[in-house]
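Structure first, then comments.
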Amino acid sequence: DAKTTQPPSMDCAEGRAANLPCNHSTISGNEYVYWYRQIHSQGPQYIIHGLKNNETNEMASLIITEDRKSSTLILPHATLRDTAVYYCIVRVRGGSQGNLIFGKGTKLSVKP
Amino acid sequence: DTAVSQTPKYLVTQMGNDKSIKCEQNLGHDTMYWYKQDSKKFLKIMFSYNNKELIINETVPNRFSPKSPDKAHLNLHINSLELGDSAVYFCASSPSLTRGEFFGPGTRLTVL
């Protein structure tokens, strides 16, 4: 079973920031938070990951709470092409990357 | 400018046949993977290659044999196909074992 919970859906206006929350209250000390997204009928797309510090890359920012029990993915300027299902997962990093167990994810709809 | 590509996208074949799925990445990544999507939300890692060397070989029947002719390619050959092999197979690549994966579009294999 997935170890994360996310809201089933969210709407965001084009050009605005999209903030997607994720709860992972049972995360272990050696588990990282990874975010992926999947556009219908395509493979998953890696977005970002982090352990405890906030992370930023060209796609998004990841804010992890100090107790690591929740995180927020931020798409700073959402576009219509960001409409997808977003998955937050926790997994061990290094060595075997292991299996990917997606929960239900959050369906983000970016509207004009 | 496809990053990770797989061929074919659909593969329908009879039990007992031998088939191959090809994967290529043009991202310059060192690590490539094969995943099997057992259900809609569960991607099980099968193999991982790092610089053409097999790193991860999960419990997969030896009818499945990966081949990496160079860093940009990781092909999957399956002998004596069985009904239970029907699934979507995803190829992926990443800059290293500890970084997030970029997935191909998937190959839907149907064994009749």
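Chains as they are written, first to last, in my numbering: chain B, 27 to 138; chain A, -3 to 108. Every residue, glycine too, gets a C-beta built ideally from N, C-alpha and C.
- Start and end of the beta strand (DSSP E) containing Ala39(B)? 35 to 39
- Collapsed DSSP secondary structure at Asp81(A) in the structure displayed: helix
- Query: Going by DSSP, which residues form a beta bridge with His73(A)?
  - Reply: Ser16(A), Ser61(A)
- Query: Looking at the structure shown, is Gly121(B) part of a helix, part of a strand, or coil, going by DSSP?
  - Reply: With a pLDDT of 47 at Gly121(B), under the threshold of 50, the predicted position of this residue should be treated as unreliable, and no value is reported.
- Secondary structure at Asp66(A), three-state DSSP: helix, strand or coil? strand
- Query: CA-CA distance, Leu50(A) and Gly41(B)?
  - Reply: 44 Å
- Would you say Arg107(B) reaches chain A, if we count a Cβ-Cβ gap shorter than 8 Å as a contact? no
- By Cβ distance below 7 Å, which residues in the same chain neighbour Asn56(B) in space, the five residues on each side in sequence not counted? Val118
- If you draw a straight line from the C-alpha of Asn125(B) to the C-alpha of Glu54(A), how long is it? 10 Å
- Message: Does the CB of Thr94(A) have a neighbour CB from chain B at under 8 Å?
- Response: yes
- Query: Is it true that the segment 80 to 91 of chain A meets the segment 19 to 38 of chain A, where meeting means three or more beta-carbon pairs spaced less than 8 Å apart?
  - Reply: yes
- Hey, out of Ser67(B), Thr31(B), Glu84(B), Cys38(B), whose CA is closest to Thr52(B)'s CA? Thr31(B)
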